[in-house]
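J.: Residue numbers (our numbering), protein chains in the order written: chain A, 224 to 1035; chain B, 6 to 307. Glycine included, each C-beta is placed from N, C-alpha and C at the ideal position. Since this is a predicted model, take the numbers as computed values, not measurements. Sending over a structure as structure tokens; questions will come in a sec.
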């Protein structure tokens, strides 16, 4: 808005300006339509004209100007002229349009003594509403939806645009529902929800956003990366463009700007990604002290599932205070080992929960309880059953089955694998269909099923979620395998096919594997830069191989090209080196999804016939990590923050799906059907507003030979945003200067709305302009009559004429 | 006076009657003849002879000395008493042709009717009447006479008068005053659209020669009310440049000019013992004339 203000309906102003020309046009047209009149008494007419010509011209111009002004002022009034910061604005009564934005993020649950921050939020909001007048407009928005089934990071329009005291009363009634949620506030979203164009109408002037918040410093920090999107600044500037001033009411902590608080920022498995039933493991809790002094003697307690007693109680080390300069909290990692005897007894969905309690001597060190608890959802695995059908190569020095038995079995209670070996194709088929011992990971070594039944069962096994590893070898019937699992797209396992075997003499240089170049496949990292780098120190020497070629681009010489729709690295774990060893060559190991399962192709034998010596460490890593990774249920999305979406894949045969929400009981979620054969149905719950363990429960059909439906569940750990626990208030100057020119003012309380009134600097002049129009409309006929333009004067004769009409008195 | 005859006195009726002499007759016989005596009398005091009284004679002229000596009633007669010479001076300039809205006759028509009526009246009482037609100067002159043939000539001259270019009242009055040898009555019919001072000088000149003067100021209703509304181009009848004016804006000023002019003329008339009779062409002529004549008669009786 310029100092002269703005017009809410500029088009009407233009119309008024155009209309102002109408009297002039009429005047000009009338001049063209002059009525001729023969006249005798020109002497008197000329004398009158000579004496009064100047005055008549002035009167004409004055009346014409008044008529034009009436139309122009009327157009200006209808255009709704709003002025600000000028003397004109003082003319009009300032009608205020207040949007109340209330902080309902979970940091407002912090208690300062007997009162919570949320109480002050309501009090200040109540003061603002009490100050509203009969013509004022109000709308109330909360930063986080306070309805329990909808709470999250999304804002909620608590009270839409309401006018006058009745509207204020409604808003005050709605304040009763304002409570701290368990989500962080997304202020850019909340400010967008307060946009006047969405909440207010054009005539609502003096727009003030009263933003009642605890002024957490984290919310006001600009983005750290240069050139990064500053969503808060953008949102504030959008408000400024809509002529809204911003009054920030700080209801945060004490005078020093910091409310002390302890929090657990993270709880995670320390080393492995897998927790097996009955096996010990270790988790690490990261704790933080948001206060200004060191806290000693805090206690961490670890709970398994819903057990009331902790399985571990650990005294936390000394927790250093927040850095006074950067206001950054310093995390302390606390390892929490869980021995086998107190670990999970069964596989499936389980949770761990850690709770941090302040020292008994200093209970005030923790003012916000929610962030002192953290939940970790785990899929505890049962032992993985490995099914092997393998044949040693002609020149092998050991039996691959025995190699695998030694690799997977032998630690007794600590074993996480079980191994079954079959001798022939019929055995494989029977084992695949055995409900008592369903395999999880099938290894084919130097073998390819030839019967259609076995091929179909193996394909079904993979499609329904099983993992399959295929090694070639001198007896591997690559043509039969490719015919069954590559040639026909509908039954294709991976977009690769095995080439014909090729071997080298051992006096020649072996084919080397490319351990120097990491691909996009996650398993590649283990060999190139991860824990299995020791393989590089004694790389396998390969003298025989069956290269992996693209399934749809047969080639006998060139390197593999990526399958359509995917990058090569999506499937490629390792490649052979080509030429002098500097160029990547054909694919050696490929792995990827196939249906609901996963498949791995290895281009060499599972024994040492084609790769003597150092191939065993390589296979140990490949098979151990591969078996776990290929059979691991995706844990992505199992632990989410409050306010984010909860997503879960369901088995295709899942029924009676229910979501068990802490504090709210069971709800039936919306299940999205699988869009393709290779995907699973999905549950998406987009408003995770309550911290704790959420469970997705469903039933599956009975297994063969039983009649009882299987009940399965998935667990989800939902935790508040750890950063929300930092109750350090932002610097007022930093807030007011956060967006230059945005006119943000920060106060610690409105004081009966006085500041809101002061902010009402914009005034709409419509009422005054309409009075002006009325005045002009009254003045114009008066002046017209006064100047002799009125019709009533036309009939009045001159005194001479009156005497003529009365001849008896006319004679001298 | 009957109601039928009154009906003919309405200017709208007179408009439809052809023949100026008939109109004059109607005006006089229909209204003025109801007066007790003719208001026009000789004003010479020169004694001529005695005449025996007959019933009906004005007893003011009885010679009481003779009655005392002879016990017989004689009436004194003066030399010019029965030889009043009235001259009708009629303005036939272009401006007299103006005819306003609502009437079908011009100011000149109205002046003709008034002049003819008075000529008829004067002739009827055996007095002589003459005629002068003028615009910016005297255009036609008929000497005084009192026979019916002369009256016919006077009315014919009035009827045939063609409008001249401009008004020159003062000049015409001077010419008239110089042309009249004997003292008499001068009746001026004009819209007086001339310089007020010049008119005053002209009237004074006539009076200076010993003539009695009556000014009939003929104006159209439009000229005294200026009723126009829209922007108007006024076309001067007497050759002046056209003027475009907003009548509504100018009305007050115009009427003030009219008022000022008439006040000046009236003041001149009063100062020189001249009768000033405004005539509105929208008013019935008989009513206006009879009202004036009755008033004049009453004044002479005092």
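Enumerate in chain order the residues of its own chain whose CB-to-CB distance from residue 933 of chain A is below 6 Å, with the five nearest sequence positions on each side excluded.
T.: Counted from its first residue, the first chain places residue 933 of chain A at position 710. The answer, listed in chain order, is 923.
J.: Put residue 103 of chain B into one of helix, strand or coil per three-state DSSP.
T.: Residue numbering aside, residue 103 of chain B sits at position 98 when the second chain is read from its first letter. In this structure, residue 103 of chain B counts as coil in the three-state DSSP scheme.
J.: Whether or not the stretch 97-106 of chain B and the stretch 164-177 of chain B are in contact is what I'm after, with contact meaning three or more pairs of Cβ atoms, one per stretch, closer than 8 Å; do they touch?
T.: The answer is yes - the stretch 97-106 of chain B touches the stretch 164-177 of chain B, with three or more Cβ pairs under 8 Å.
J.: Given a cut-off of 8 Å on the beta-carbon distance, is the pair residue 795 of chain A and residue 744 of chain A in contact?
T.: Residue mapping note: residue 795 of chain A aligns to position 572 of the first chain, counting from 1. Residue mapping note: residue 744 of chain A aligns to position 521 of the first chain, counting from 1. Yes.
J.: Please list the segments of the beta strand (DSSP E) lying wholly inside the stretch 432-492 of chain A, counting only runs of 3 or more residues, in order along the chain.
T.: With a minimum length of 3 residues, the continuous beta strand (DSSP E) runs that stay inside the stretch 432-492 of chain A are 467-473, 485-492.
J.: For the alpha helix (DSSP H) holding residue 854 of chain A, just list the boundary residues, first then last.
T.: Residue numbering aside, residue 854 of chain A sits at position 631 when the first chain is read from its first letter. Start and end: 838-854.
J.: For residue 116 of chain B versus residue 194 of chain B, is the C-beta spacing smaller than 8 Å?
T.: Stepping through the second chain from its first residue, residue 116 of chain B is reached at position 111. Stepping through the second chain from its first residue, residue 194 of chain B is reached at position 189. For residue 116 of chain B and residue 194 of chain B, yes; Cβs fall inside 8 Å.
J.: Mind checking whether residue 164 of chain B and residue 151 of chain B have CB atoms under 8 Å apart?
T.: Stepping through the second chain from its first residue, residue 164 of chain B is reached at position 159. Stepping through the second chain from its first residue, residue 151 of chain B is reached at position 146. For residue 164 of chain B and residue 151 of chain B, no; Cβs fall outside 8 Å.
J.: Would you list, in chain order, the members of the stretch 266-295 of chain A that have their beta-carbon closer than 7 Å to a beta-carbon of chain B?
T.: Against chain B - using a Cβ distance shorter than 7 Å - the residues of the stretch 266-295 of chain A are 266, 267, 268, 269, 270, 271, 272, 274, 275, 279, 282, 283.
J.: In angstroms, rounded to a whole number, what distance separates the CA positions of residue 760 of chain A and residue 669 of chain A?
T.: Along the first chain, read from residue 1 onward, the residue named residue 760 of chain A stands at position 537. Along the first chain, read from residue 1 onward, the residue named residue 669 of chain A stands at position 446. Each residue's Cα considered, the two are about 27 Å apart.
J.: State the beta-bridge partners of residue 217 of chain B as determined by DSSP.
T.: The sequence position of residue 217 of chain B within the second chain is 212, counting from 1. According to DSSP, which records beta bridges pairwise, residue 217 of chain B is partnered with B/190.
J.: Who are the near neighbours of residue 218 of chain B in its chain, counting only those whose CB is closer than 7 Å to its CB and skipping five residues on each side?
T.: Position 213 of the second chain, counted from the first residue, corresponds to residue 218 of chain B. Within the same chain, residue 218 of chain B has close Cβ partners 191, 193, 208, 211, 212, 279.
J.: Is the distance from the Cβ of residue 598 of chain A to the Cβ of residue 940 of chain A below 8 Å?
T.: As a working mapping, residue 598 of chain A is identified with position 375 in the first chain. As a working mapping, residue 940 of chain A is identified with position 717 in the first chain. Yes, the Cβ-Cβ distance between residue 598 of chain A and residue 940 of chain A is below 8 Å.
J.: Can you tell which of B/135, B/257, B/238, B/168 has its C-alpha closest to the C-alpha of residue 249 of chain B?
T.: Along the second chain, read from residue 1 onward, the residue named residue 249 of chain B stands at position 244. For the residues B/135, B/257, B/238, B/168, the minimum Cα distance to residue 249 of chain B belongs to B/238.
J.: Across the stretch 629-647 of chain A and the stretch 597-611 of chain A, are there enough close Cβ pairs to call them in contact, namely three or more that are closer than 8 Å?
T.: As far as the Cβ criterion goes, the stretch 629-647 of chain A touches the stretch 597-611 of chain A, which means the pair count is three or higher.
J.: What does the alpha-carbon distance come out to for the pair residue 417 of chain A and residue 946 of chain A?
T.: Numbered from 1 along the first chain, position 194 holds the residue referred to as residue 417 of chain A. Numbered from 1 along the first chain, position 723 holds the residue referred to as residue 946 of chain A. Roughly 24 Å between the two C-alpha positions.
J.: For residue 502 of chain A, which residues in the same chain have their Cβ closer than 8 Å to its Cβ, ignoring the five residues on either side in sequence?
T.: Working through the first chain from its first residue, we reach residue 502 of chain A at position 279. Answer for residue 502 of chain A: 563, 566, 637, 639, listed in chain order.
J.: If you draw a straight line from the C-alpha of residue 930 of chain A to the C-alpha of residue 878 of chain A, how long is it?
T.: Indexing the first chain from 1 puts residue 930 of chain A at position 707. Indexing the first chain from 1 puts residue 878 of chain A at position 655. About 15 Å.
J.: Taking the runs of the alpha helix (DSSP H) that are 4 residues or longer, which of them lie wholly in the stretch 136-193 of chain B?
T.: As far as the stretch 136-193 of chain B is concerned, its whole alpha helix (DSSP H) runs of at least 4 residues are 153-165, 174-184.
J.: If the criterion is Cβ atoms closer than 8 Å, does the pair residue 856 of chain A and residue 473 of chain A meet it?
T.: Here residue 856 of chain A is taken as the residue at index 633 of the first chain, counted from 1. Here residue 473 of chain A is taken as the residue at index 250 of the first chain, counted from 1. Going by C-beta atoms, residue 856 of chain A is not nearer than 8 Å to residue 473 of chain A.
J.: State buried or exposed for residue 573 of chain A, treating a residue as buried only when at least 16 other CB atoms are found within 10 Å of its CB.
T.: The sequence position of residue 573 of chain A within the first chain is 350, counting from 1. Label assigned to residue 573 of chain A: buried.
J.: Mind checking the stretch 244-258 of chain A against chain B and listing, in chain order, the residues whose C-beta falls within less than 8 Å of any C-beta there?
T.: Those would be 253, 254, 256, 257, 258, in chain order.
J.: On the three-state DSSP scale, how would you describe residue 884 of chain A?
T.: Sequence index remark: in the first chain, residue 884 of chain A carries index 661 (1-based). The answer is strand: DSSP assigns residue 884 of chain A an E or B state.
J.: Roughly how many angstroms separate the alpha carbons of residue 966 of chain A and residue 468 of chain A, rounded to a whole number?
T.: Stepping through the first chain from its first residue, residue 966 of chain A is reached at position 743. Stepping through the first chain from its first residue, residue 468 of chain A is reached at position 245. Approximately 6 Å, taken between the alpha carbons.
J.: Just curious, the alpha helix (DSSP H) that residue 624 of chain A is in, first and last residue?
T.: Taking the first chain and counting its residues from 1, one reaches residue 624 of chain A at position 401. 623-631 is the extent of the alpha helix (DSSP H) around residue 624 of chain A.
J.: Per DSSP, residue 967 of chain A is paired with what?
T.: Mapped onto the first chain, residue 967 of chain A falls at position 744. The partner list for residue 967 of chain A (beta bridge, DSSP) reads A/469.
J.: Quick one: list the residues of chain B neighbouring residue 264 of chain A, beta-carbon separation under 7 Å, in chain order.
T.: What you label residue 264 of chain A is simply residue 41 of the first chain in a count that begins at 1. Those are 198, 228, listed as they occur along chain B.
J.: Hey, does residue 1010 of chain A have any beta-carbon neighbour from chain B nearer than 8 Å?
T.: Mapped onto the first chain, residue 1010 of chain A falls at position 787. It does; some Cβ of chain B falls within 8 Å.
J.: Can you check DSSP and say which residues form a bridge with residue 536 of chain A?
T.: Numbered from its first residue, the first chain carries residue 536 of chain A at position 313. Paired residue(s): A/524.
J.: Assign residue 281 of chain A to buried or exposed, taking buried as 16 or more other Cβ atoms, counted over all protein chains shown, within 10 Å of its Cβ.
T.: Taking the first chain and counting its residues from 1, the one referred to as residue 281 of chain A is at position 58. Exposed.
J.: Can you check which of these residues, A/364, A/373, A/267, is closest to residue 866 of chain A by C-alpha distance?
T.: In the first chain, counting from the first residue as 1, residue 866 of chain A sits at position 643. Closest option to residue 866 of chain A, Cα to Cα, is A/373.
J.: Please give the ranges of any beta strand (DSSP E) in the stretch 670-704 of chain A, keeping only runs that are unbroken, at least 3 residues long and fully inside the region.
T.: Counting only runs of 3 or more, we get 690-695.
J.: Whose C-beta lies closer than 6 Å to the C-beta of residue 944 of chain A among residues of the same chain, with five residues either side of it excluded?
T.: Taking the first chain and counting its residues from 1, one reaches residue 944 of chain A at position 721. 407, 864, listed in sequence order.
J.: Would you give the residue range spanned by the alpha helix (DSSP H) that residue 419 of chain A belongs to?
T.: By 1-based counting over the first chain, the position of residue 419 of chain A is 196. Unbroken alpha helix (DSSP H) run through residue 419 of chain A: 419-422.
J.: Could you tell me which uninterrupted alpha helix (DSSP H) segments, each at least 4 residues in length, are contained entirely in the stretch 225-264 of chain B, listed from first to last along the chain?
T.: Counting only runs of 4 or more, we get 226-230.
J.: Using the three-state DSSP reduction, which class does residue 552 of chain A fall into: helix, strand or coil?
T.: Within the first chain, residue 552 of chain A is the residue found at index 329, counting from 1. Residue 552 of chain A: coil per DSSP, three-state reduction.
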